[in-house]
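Colleague: Residue numbers (my numbering), protein chains in the order written: chain A, 14 to 125; chain B, 11 to 126.
Even glycine gets a Cβ: it sits at the ideal position worked out from N, Cα and C.
The following block contains the structure, expressed as structure tokens.
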Amino acid sequence: ILNVEQSPQSLHVQEGDSTNFTCSFPSSNFYALHWYRWETAKSPEALFVMTLNGDEKKKGRISATLNTKEGYSYLYIKGSQPEDSATYLCAFIGYSNYQLIWGAGTKLIIKP
Amino acid sequence: DAGVIQSPRHEVTEMGQEVTLRCKPISGHNSLFWYRQTMMRGLELLIYFNNNVPIDDSGMPEDRFSAKMPNASFSTLKIQPSEPRDSAVYFCASSYPQGGADQPQHFGDGTRLSIL
């Protein structure tokens with residue numbers, strides 16, 4: 014059974030602070046890792062697709078790193094803003110079936 | 011550019027009625043996914059199509075659910091007969107190329123379904 018774990022489940026961060034959270038996934042048969050941002054009452058929006066060990070991707074104040082050998086990815090948000098409040102989902106794809114296996118998400122709440 | 015278009019946005023119907031949800035993927039995308047979001051289970055993949063062919067429907071809850079993709083620009087998810095426990099938000103997503111493995115999925119706005 015393939016498991017994708019995200020931690021923490023939820024996170025309250027003061028506006029202006031930086032934060033990070035984790036996605037853990039199986040380290041064997043790795044093909045790609047996706048990160049999505051999901052605002053309440055909206056649909057998930059793709060942030061990053063990462064495929065190579067050591068990958069680091071950045072989009073504005075948000076960045077992500079990837080370690081496929083140990084099976085984890087970190088998402089970092091620098092200088093959190095209220096508009097960053099959302100659930101951040103990661104999803105793993107393995108060579109075995111090329112389907113996204115979704116984590117349960119980290120719910121981020123930015124306190125003004 | 012038009013994104014993934016789902017209809018209706020909201021549907022309220024009585025138990026036992028047939029429900030049909032519709033999705034138009036982004037033009038040129040050849041993979042299409044149907045998801046269900048519930049409080050208990052989060053985001054669940056129901057079925058996905060590649061080049062209009064259903065590849066994996068193991069997430070379809072039971073025989074009351076069926077999905078079709080008659081052409082590259084249209085898909086339906088049907089529930090017949092509907093039950094209150096089917097109440098959820100149903101998302102459609104598309105991606106390019108095959109299987110979307112290293113391409114992001116683009117989600118529609120979802121259909122909020124309430125079965126009374």
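Under 7 Å Cβ-Cβ, which residues of chain B neighbour T64(A)?
Modeller: D112
Colleague: Report yes or no: is there a C-beta of chain B within less than 8 Å of the C-beta of Q19(A)?
Modeller: Answer no: the Cβ-Cβ gap between Q19(A) and chain B never drops below 8 Å.
Colleague: DSSP state of P94(B), grouped into three classes?
Modeller: helix
Colleague: Could you tell me how far apart the beta carbons of G13(B) and G118(B) are, in whole angstroms, since I believe they sit closer than 8 Å?
Modeller: Rounded to whole angstroms, the Cβ separation of G13(B) and G118(B) is 7 Å, and the two are in contact under 8 Å.
Colleague: In chain order, what residues of the same chain lie with their CB nearer than 7 Å to the CB of G109(B), ignoring the 5 residues before and after it?
Modeller: With a pLDDT of 49 at G109(B), under the threshold of 50, the modelled position of that residue is not reliable, and no figure is offered here.
Colleague: For S56(A), which residues in chain B fall below 7 Å Cβ to Cβ?
Modeller: F101, F117, G118, D119, G120
Colleague: When DSSP builds the beta bridges, which residues end up paired with T53(A)?
Modeller: None; T53(A) has no bridge partner.
Colleague: Do the CB positions of F38(A) and L46(A) come within less than 8 Å of each other?
Modeller: yes
Colleague: Since I believe C36(A) is in contact with G107(A) (beta carbons under 8 Å), could you give me their beta-carbon distance rounded to a whole number of angstroms?
Modeller: Not confirmed; about 14 Å, so no contact.
Colleague: Looking only at its own chain, which residues have a Cβ that is under 6 Å from the Cβ of K120(A), when we skip the five neighbours before and after it?
Modeller: S23, T100
Colleague: Since I15(B) sits in a beta bridge, which residues does DSSP pair it with?
Modeller: Per DSSP, the beta-bridge partners of I15(B) are K34(B).
Colleague: Pull up the distance between the alpha-carbon of A82(B) and that of F61(A), whole angstroms please.
Modeller: 26 Å
Colleague: Who pairs with T64(A) in a beta bridge, going by DSSP?
Modeller: Bridge partners of T64(A): none, in fact.
Colleague: So, for H126(A): in the same chain, excluding its five sequence neighbours on each side, which residues have a beta-carbon less than 7 Å away from its beta-carbon?
Modeller: Not covered by the structure: residue 126(A). The range shown for chain A is 14 to 125.
Colleague: In terms of residue numbering, what span does the beta strand (DSSP E) encompassing L87(B) cover?
Modeller: For L87(B), the uninterrupted beta strand (DSSP E) segment begins and ends at 84-89.
Colleague: Starting from L53(B), trace the beta strand (DSSP E) in both directions and tell me its first and last residue.
Modeller: 52-60
Colleague: Can you check whether the CB of D96(B) is closer than 8 Å to the CB of I125(B)?
Modeller: yes
Colleague: Can you check whether the C-beta of G84(A) is within less than 8 Å of a C-beta belonging to chain B?
Modeller: Chain B contact via Cβ: absent.
Colleague: Please decide whether D66(B) counts as near chain A, where near means a Cβ-Cβ distance under 8 Å.
Modeller: yes
Colleague: I need the boundaries of the beta strand (DSSP E) containing F165(B), first residue and last residue.
Modeller: Outside the shown range of chain B, which is 11 to 126, sits residue 165(B), and nothing can be said about it.
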